Amino acid sequence: MAESIRPVAGVDYPSRLAELRSWFPADADCVDYLDWLRWPDGFACPGCGAGRGWLGGDGRRRCQGGGCP
Ligand SMILES: [Zn+2]
């Protein structure tokens, strides 16, 4: 039987407020972590699959593939 892969508190994500503050001293550090969770192999546009994107001032990525609005 295959063992399920479950995230582990304190290893895959902070388990306490002190760990949260240690892992993410600034908001940008948390955004980097979320980017890594979402795109572990690098950004890929969900609309067209392009591997290039701009990071906007609001922390959202915009496609550079030319096929998306
Ligand atoms: Zn796109």
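Remember, the working numbering sits 65 above the position in the sequence shown when you count from 1. Beta carbons are placed, not taken as given, at the ideal position from N, Cα and C, and that holds for glycine. Just so it is clear, the structure is predicted and the values come from calculations on it, not from any experiment.
Identity of the residue in the options nearest residue i by Cα
i	options	result
Asp77	Glu68, Trp101, Pro111	Trp101
Gly121	Phe89, Val96, Pro72, Gly132	Val96
Tyr98	Glu68, Pro79, Pro111	Pro79
Cys113	Trp104, Gly130, Trp119	Gly130
Glu84	Ala91, Gly75, Gly118	Gly75
Collapsed DSSP secondary structure at residue i in the structure displayed
i	result
Cys128	strand
Secondary structure, beta strand (DSSP E): runs of 3+ residues fully inside the region 82-117: none
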